[in-house]
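Notes follow once the structure below has been shown.
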Amino acid sequence: MSTSKIKTVVEEMVRPFLDENGFELVDIEYVKEGSNYFLRVFVDKEGNIDIDECGRISEYLSEKLDQNDPIPDAYFLEVSSPGAERPLKKPEDVRKAVGKHVYVTTYEPIDGSKEFEGKLLAFEGDEMVVEIGKKKHTLPYAKVASARLAIVF
4 MSTSKIKTVV
14 EEMVRPFLDE
24 NGFELVDIEY
34 VKEGSNYFLR
44 VFVDKEGNID
54 IDECGRISEY
64 LSEKLDQNDP
74 IPDAYFLEVS
84 SPGAERPLKK
94 PEDVRKAVGK
104 HVYVTTYEPI
114 DGSKEFEGKL
124 LAFEGDEMVV
134 EIGKKKHTLP
144 YAKVASARLA
154 IVF
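With the numbering used here as the guide, the letters of the sequence shown map in order to residues 4 to 156.
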């Protein structure tokens, strides 16, 4: 089974439980690291998620996975918060991040750079506006390779 198919099946299993309990699915990863496979489910909620809630989600999902057994390989299941540097995977995530400090990479140089770290001023239409120092950079969303919240030190 392909990685994308596994992610889709896992999302279909866990989504009802998350929606019913006020949790948000941030991302699902199925990766091989060394000789081991890992199924990682990143979840959050308003006001942040705690370890007990991650445990409840893990127990629910583990039971569902055991019943349906959609993954042919042996793997480790990890359910966790996306952390302080949460990825911004969907346009909705980017909208919620307006006003916050972000780190964005692009597929090709824009204004001479492929990396932008600064305050997300706006996300309108299909463009992100990131302010770095006193300079504003307009980034077409279609050219964004990745975006995440960033911690300012």
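Don't be surprised by glycine CBs; every beta carbon is placed ideally from N, CA and C.
Apart from the 5 residues on each side of it in sequence, Pro143 sits with its Cβ closer than 7 angstroms to the Cβ of Asp129, Glu130 in its chain, given in chain order. If one requires a minimum length of 4 residues, the alpha helix (DSSP H) runs lying completely within the segment 76-125 are 94-99, in chain order.
DSSP links Arg43 through a beta bridge to Glu32, Glu81.
Where Glu130 is concerned, the enclosing beta strand (DSSP E) starts and stops at 130-135. Straight across, the Cα-Cα distance linking Asp114 with Ala125 is about 18 angstroms. With distances taken between CA atoms, Lys92 lies nearest to Val107 out of Thr141, Phe156, Val107. Glu66 carries a helical assignment under DSSP once its states are collapsed to helix, strand and coil. DSSP, read as helix, strand or coil, puts Pro73 in coil. Here Lys10 carries a helix assignment [DSSP, helix/strand/coil]. Annotated as distal: Phe45 and Asp22, with beta-carbon spacing of 8 angstroms or more. Val147: member of the beta strand (DSSP E) spanning 147-152, first to last residue. Apart from the 5 residues on each side of it in sequence, Ile154 sits with its Cβ closer than 8 angstroms to the Cβ of Ala87, Glu88, His104 in its chain, given in chain order. Scanning its chain for C-beta atoms nearer than 7 angstroms, with the 5 sequence neighbours on each side dropped, one finds around Lys10 the residues Ile31, Tyr33, in chain order. Here Thr109 is buried. Its C-beta has 16 or more other C-beta atoms within 10 Å.
With fewer than 16 other Cβ atoms inside 10 Å of its own Cβ, Ile54 counts as exposed.
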